[in-house]
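Chains as they are written, first to last, in this note's numbering: chain A, 19 to 325; chain B, 255 to 520.
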Amino acid sequence: MSVTSTSPSDTRPGRTTDPALRGPVARPGSRLLHRMVWLRLSLLLSAPLAWMVLVYVVALAALLITSLWSVDSLSSEIDRSWTLDNFRTLLESEVYRNVTLRTLGVAAAVTVVDVAIALPIAFYMAKVASPRARRMLVVAVLTPLWASYLVKVFSWRVVLSEGGLAEWTGLGSPGYGLTAVVITQAYIWLPYVILPIFAALERVPDSLLEAAGDLGAPTGMVLRSVVLPLLVPGIVAGAIFSFSLTMGDYITVNIVGGASQMLGNLVFINAGAANNLPLAAAIAMIPIVVMLVLLSAIRRTGALDNL
Amino acid sequence: MTLSPLSRRVLAGLTFGVLALIYLPLLVVVANSVNPSQSMTWPPDGVTLEWWRRAAHSAGARDALVTSLQVAVIATLLALVLGTLLALALQRYSFFGKNSVNLLVILPIALPGVVTGIALNNGFKGILGVDLSIWTIVVAHATFCIVTVFNNVQARLRRLGTSLEEASADLGAGVFTTFRLVTLPQLRSALLAGGMLAFALSFDEIIVTTFTAGNGATTLPIWILNNMFRPNQAPVVNVVAVVLIVFSILPVWLAQRLSSDVEAAR
């Protein structure tokens, strides 16, 4: 492992490296740390890295192994001999294919709705509203983010259910189903999409937009060829949030979705009531693979730094 | 670029329209918390404070609140320490495998909650053989809270640069003295912002919690989920929801004050 300090100080000419000249404050241990970059780095890294590896990487690896086991149908004990049966079931059964497609469809729909709503709002907040109004708008967008997730799902159930507000206003109730799921999810994750886009827009200097306008670019062109490319990391970061959060949610689906299940529900049911942990683990591999493919695809856009 | 007055008005209308839509469901919950009818139909039948009285005496809600606060505080403290260490390491040094470490930190929030939940559930029960309890919730929450602290501290470190720390070292301060007297004070508001986000994330988390709590402990979201569909408890859940909405204004206001302080100081 090669270790270099990114701080330019160590190579700067005229810098005192003689410990005797460094004054009386630094103790021996501190002096050692100052000289040995790798020691400083490994002290910084060891605790968090150990935590992440021991808790998370090991758990993910164990999940993969569990997905290769099976459950004995008679004793309902876990049979630890390796088999690809679970994955065969996932591939061959139409149920899993449909649920996967439905989950991806709902996640994509929620993401598209959220980005479409977030773009104009973030633009208004960052570039049109006065600084005072901007601060109030940020608070207004953020407050529901802090209000409990369950409260929000619950309130949409109250609004959308029969005899609820939606029916009372004459809009009609969509009832329990995928429409209600998309509406509720889009609502809940909207702040997570607005914020990174807003942050990206705030970093676009106004002078850049003025310069483009002065050079004769019509508004639409400025938005398309100056603003939008600069927003891509923010949009992608927001999209990753809403997509992943939707894909992994099963509680909203339970509360407003009725019988239409998503991958999360199947994982939850198989891990709990159905007592088939290996199958649940195999199902969980689907969103893992989807997210890993997405993450590696967007790595180049720099969006990961915006999460 | 000049926006026509019309497009400005359209944008403003859109923004405030969506904001109204954002607050509408929350207002419905508030209205229902004083609605005498248990079935939560619209419009409300009248006004009553009965549910508020019942909620104030609900031992289940109170215990769950205490559990949630305990979990959130411990998970936040763990995340603060681990996230800050990681941010210092990744922002100030370059080393082999840096990108992988970066990805590893993001993974617990980038992967869907149900995946994190079942992986940790399987890890605790299958590998370690520990019973699910308040401590397994704490470990799970700390794992995905690290990234919020990490992000805030890293962004701050990027802006700060290293000149003050170098000056401190040149003047003879040791590594620890420099950290305590120079680096840490500059990170204070970033730590507070990251810590508050981590606290909120933990306090509100339900999906990972259902997998890592088992029957060992009941956090407030789990209590809400369990009582939401019990006819004579649902109105009490409404009241708890209103209290949560009201208290959610506090951290937002605080965070806003903090960030404006930062802007003023810059």
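Backbone N, C-alpha and C define an ideal beta-carbon position, used for all residues, glycine too.
Every candidate beta strand (DSSP E) stretch fails here, since none sits fully inside the segment 33-112 of chain A while reaching 3 residues.
Assignment of Phe-404(B) by DSSP, reduced to helix, strand and coil, places it in the helix class.
Contact between the segment 204-218 of chain A and the segment 125-142 of chain A is present: three or more C-beta pairs spanning the two stretches fall below 8 angstroms. Between Asn-492(B) and Ser-287(B), the C-beta gap is smaller than 7 angstroms, which places the two residues in contact.
Selection Gly-415(B), Ala-309(B), Val-327(B) and Ile-328(B) evaluated against Val-497(B) yields Ala-309(B) as nearest (Cα-Cα). In terms of Cβ geometry, Ser-262(A) and Asp-458(B) do not form a close pair [threshold 7 angstroms].
Within 9 angstroms of the CB of Gly-470(B), no CB atom of chain A is found; the nearest one sits about 15 angstroms away. Leu-273(B) and Pro-297(B) have their alpha carbons spaced roughly 22 angstroms apart. The beta carbons of Ala-144(A) and Leu-155(A) sit no closer together than 7 angstroms. Nearest Cα to Ser-99(A) within the set Leu-92(A), Glu-110(A), Leu-109(A) and Leu-86(A): Leu-86(A). Within chain A, not a single residue places a beta-carbon under 8 angstroms from that of Arg-410(B); the smallest gap is close to 14 angstroms. Approximately 15 angstroms separates the beta-carbon atoms of Gln-345(B) and Leu-438(B); this is outside 8 angstroms, ruling out the contact.
For Pro-475(B), the neighbours in chain A by C-beta distance under 8 angstroms run, in chain order, Ser-166, Tyr-167 and Leu-168. Excluding the 5 residues flanking it on each side, Thr-330(B) has same chain C-beta neighbours closer than 6 angstroms at Gly-449, Ala-452 and Phe-453, in chain order.
Here DSSP, grouped into helix, strand and coil, assigns Leu-382(B) to helix. In summary, the residues of the segment 110-141 of chain A whose CB is separated from some CB of chain B by less than 8 angstroms are Ile-135, Pro-138, Ile-139 and Phe-141, in the order they occur in the chain. For Thr-129(A), same chain residues with a beta-carbon under 6 angstroms away, outside a window of 5 residues either side, are Ala-257, Ser-260 and Phe-261 in chain order. For Asp-424(B), the uninterrupted alpha helix (DSSP H) segment begins and ends at 417-424. Closer than 8 angstroms at the C-beta level to chain B, one finds these residues of the segment 272-294 of chain A: Ile-273, Leu-281, Gly-282, Val-285, Phe-286 and Ala-289.
Residues of chain A whose Cβ lies closer than 7 angstroms to the Cβ of Pro-279(B) are, in chain order, Lys-170, Ser-173, Trp-174 and Val-177.
For Glu-220(A), the three-state secondary structure derived from DSSP is helix.
When Cβ pairs closer than 8 angstroms are counted between the two stretches, the segment 272-283 of chain A is seen to touch the segment 198-205 of chain A, the count reaching three or more.
Within chain B, no residue has its CB atom less than 8 angstroms from the CB of Val-211(A), the nearest being about 12 angstroms off. Among the residues facing chain B, Met-265(A) is included, as its CB has a counterpart in that chain under 7 angstroms away.
Around the beta carbon of Val-384(B), fewer than 16 other beta carbons lie within 10 angstroms, which makes this residue exposed.
Leu-418(B) sits exposed, since fewer than 16 C-beta atoms from the chains shown fall within 10 Å of its C-beta. The way I'd put it, the segment 225-241 of chain A doesn't touch the segment 103-121 of chain A; fewer than three beta-carbon pairs between them come closer than 8 angstroms. Interface residue (Cβ-Cβ distance to chain A less than 7 angstroms): Thr-402(B) is not classified as such.
If you look at Glu-304(B), you'll find it in the alpha helix (DSSP H) that goes 304-310. The CB of Arg-45(A) comes closer than 7 angstroms to the CB of Gly-428 in chain B, given here in chain order. If you draw a 10 Å sphere on the C-beta of Lys-170(A), you find 16 or more other C-beta atoms in it, and that means buried.
Closest in alpha carbon position to Ala-79(A), among Ala-299(A), Ala-204(A), Leu-92(A) and Val-176(A), is Ala-299(A). The C-beta of Trp-87(A) comes no closer than 7 angstroms to any C-beta of chain B. Taken through DSSP and simplified to helix, strand or coil, Ala-277(A) comes out as coil. Selection Leu-284(A), Thr-187(A), Ile-139(A) and Asp-97(A) evaluated against Thr-269(B) yields Ile-139(A) as nearest (Cα-Cα). A contact between stretches requires three or more CB pairs, one per stretch, nearer than 8 angstroms, and the segment 366-381 of chain B meets this requirement with the segment 292-307 of chain A.
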